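Student: Pasting a structure here, questions to come.
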RNA sequence: GGUCCUGUAGUUCAAUGGAUAGAACAAGUGUUUCCUAAACACUAGAUCCGGGUUCGAUUCCCGGCGGGACUACCA
């Protein structure tokens, strides 16, 4: 039982005994005591003053006295205005530290046979160009939220729906066919996804030139866009693809193959992975059947021209197209199809889509449609909607060449980490392999933390010129603290010190030290909250707070030079527990922490 | 027009309805015969505007103003 639960019960008891007032657990507001006051936990007195018919101060005094008399965990109290500040006994903290230290899975709920299954879709790239900064946020959030939900006891299946077909793919293919001269990743030395992306850009340029030409001849822009030779050819190619023409299919497979090889590298570098990948080319025809079912059941209706619609005006939304007049499917139909396939493949209890907030409307509609079609998890599907990553000048625009490429960015971060390490002379005694591992951890840690510490719902600004800091509230700051702790622990082991558990739990410890233990006890709550709110940022902020406090402690207290052996042992146990929570917490963010740096 | 998200120091981010709104970066200053100074300490600086609910509002409600997204027989 945690401290809050214990104290809430006693406070409820106090209020009942003293004032005859029955209280619900949620009426008792326990919060952390602000730093400028003495104590660790604070009871807000205001809700009880009416029943007490006394001033807040007096009420606080009486409740404080009751707690002191009736629970050994409370060692002292003081009242300021309507706030009752409680000091917790040192012994309680030390016993708690022992428990935390001996629990190798502290903060993590086990996944069992009876755990429910959560499927998390993220990444979902197009195969016509490489991944960029926006994808990085998506991937990091998706991976992190999967780790967090696992830590909350969910069975998690990570999935990716690859958008591998459509007109945009044909554009790259066509440009390659026309201007590529048989160029391959091998012949050019270009990463496959970048090579294909290059031809997508080439297409766009040539296409624009054709539009301009037609407009110069007096055609309207709208008409010109529809009638250039290139776009007509691309459409022809799409048709050929749909008709399974071998030549087009062959080229499609080859070029997509290049892209996948490239993506795999990027994913690996980013440290993300998937349990099951779906391809739109395999799912895009799947939704029709479901739509027909919905039509039969009366959930949807057919218009005179043959197109199929869902009327969502009853839900406060518009009417939504599900099948075109010619019977072909649209985006929504595909998502229904994909949902069906997934439902057939896994016993899904909860479905989570990590997709940008520009698709809020789409998922609102999808949720209602899936519900109408009888998917149990339809109504409760989660659109984990995150904000855009913007540059100082505004949105990234591929046409203006302001897209920040994922591979380039990660490489730059690693290089910066290398330079900084060299300047500081941190890695002088390391082997080249060790150096490589560490600068990679630090560079990527910096990038990942930068992105994940922000509330996912909010748009965020990324300034490539100022690049990402390595000081302050950053990944490397946290990694550095971990490395320092590990270094102390290594020395302790060399000295033959024993710190597997506290032998003395009656020590006099400082406020700073008991506060660190208190922070540790909050970790499971934070993990839980991060899961419920789908917010890796909560974990990031928590770890930062912990690390900041630890650094102050590290600065002001010595560990190995402490003369009292029991205190020394305590500080080692404390430090090791903190290192362990740092590692676990950063792991939930998908960030590795080094043993030295 | 409609729907949704959002507005906090110069900048990037925090704050279950609680006490004097926290950090970091940038600026300025200090700390190293001492376990890693990628650290620590100090100085200065902010809730878009107006109402309402409340003992108490950055937080909840209403109305403005500003920013963003969506509102395709594209995906």
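Numbering (our numbering), first residue to last: 51 to 647.
We put the beta carbon where it would ideally sit given N, CA and C, even for glycine.
Predicted model, so just to flag it, every value in this text is computed and none were measured.
1. I believe residue 372 touches residue 341 by the beta-carbon criterion, under 8 angstroms. Please report the beta-carbon distance rounded to the nearest angstrom.
2. Determine the DSSP secondary structure at residue 545, reduced to helix, strand or coil.
3. Of all the options 567, 610, 582, 265, which has the alpha carbon lying nearest to the alpha carbon of residue 541?
4. Residue 73 by DSSP, collapsed to three states: which one?
5. Please determine, among 516, 553, 433, 473, the residue with the shortest C-alpha to C-alpha distance to residue 195.
6. Under 8 angstroms Cβ to Cβ from residue 120, same chain only, skipping five residues before and after it: list those, please.
7. Report yes if the CB atom of residue 178 is closer than 8 angstroms to the CB atom of residue 208, and no otherwise.
8. Closest to residue 476 by CA distance: which of 645, 391, 608 is it?
9. If you run the structure through DSSP and keep just helix, strand and coil, what is residue 360?
10. Can you tell me the Cβ-Cβ gap for residue 415 and residue 367, rounded? I've got them flagged as a contact below 8 angstroms.
11. Under a Cβ-count criterion, where at least 16 other Cβ atoms within 10 Å of its own Cβ denotes burial, should residue 390 be classed as buried or exposed?
12. If you compare alpha carbons, which of 401, 438, 437, 134 is closest to residue 427?
13. I want to know whether the region 244–252 touches the region 220–235 - three or more CB-CB distances under 8 angstroms.
14. Where are the alpha helix (DSSP H) runs, 4 residues long or more, that stay fully inside the region 271–306, in chain order?
15. What does DSSP give as the partner residue(s) for residue 352 in the beta ladder?
16. Could you say which of 560, 327, 468 lies nearest to residue 174 if we only look at CA atoms?
17. What are the boundary residues of the beta strand (DSSP E) that includes residue 436?
18. Using a Cβ-Cβ cut-off of 7 angstroms (strictly less than) and excluding sequence neighbours within five positions of residue 284, which residues of its own chain qualify?
19. What residues in its chain sit with their C-beta under 7 angstroms from that of residue 42, if we drop five residues either side in the sequence?
20. Are residue 214 and residue 379 closer than 8 angstroms when you measure CB to CB?
21. Rounded to the nearest angstrom, how far is the Cβ of residue 91 from that of residue 138, given a contact under 8 angstroms?
22. Tell whether a beta-carbon distance below 8 angstroms holds between residue 638 and residue 577.
23. Below 8 angstroms between beta carbons: does that hold for residue 629 and residue 535?
24. Whole angstroms are fine: how far does the CA of residue 561 sit from the CA of residue 128?
25. With three or more C-beta pairs closer than 8 angstroms as the rule, is the region 609–627 touching the region 580–590?
26. So if DSSP puts residue 171 in a beta bridge, which residue, or which two residues, is it bridged to?
27. From the DSSP output, in three-state form, read off residue 396 for me.
28. At what residues does the alpha helix (DSSP H) containing residue 419 begin and finish?
29. For a minimum of 4 consecutive residues, which ranges assigned as the alpha helix (DSSP H) are wholly contained in the region 176–236?
30. Report, in whole angstroms, the separation of the C-beta atoms of residue 141 and residue 88, which I expect to be a contact under 8 angstroms.
31. Would you check if there are 3 or more beta carbon pairs closer than 8 angstroms linking the region 493–501 to the region 519–538?
32. Can you check whether the CB of residue 148 is closer than 8 angstroms to the CB of residue 555?
33. Might you give, ordered along the chain, the residues of its own chain that have their beta carbon closer than 6 angstroms to the beta carbon of residue 385, omitting 5 neighbours on each side?
34. Under the DSSP definition of a beta bridge, which residues are partnered with residue 444?
35. Kindly indicate which residue of 308, 186, 133 has the alpha-carbon position closest to the one of residue 112.
36. Using only alpha-carbon positions, find the residue among 162, 272, 115, 317 that is nearest to residue 185.
Tutor: In short:
1. 5 angstroms
2. coil
3. 610
4. coil
5. 433
6. 60, 63, 64
7. no
8. 645
9. strand
10. 6 angstroms
11. buried
12. 401
13. yes
14. 271–277, 279–292
15. 358
16. 327
17. 432–436
18. 217, 220, 221, 224
19. Limits of the chain in this structure are 51 at one end and 647 at the other, which puts residue 42 out of reach.
20. no
21. 7 angstroms
22. yes
23. yes
24. 16 angstroms
25. no
26. 209, 403
27. coil
28. 410–422
29. 183–201, 217–229
30. In fact, because the Cβ distance is near 18 angstroms, the residues do not count as touching under 8 angstroms.
31. yes
32. yes
33. 416
34. 441
35. 133
36. 317
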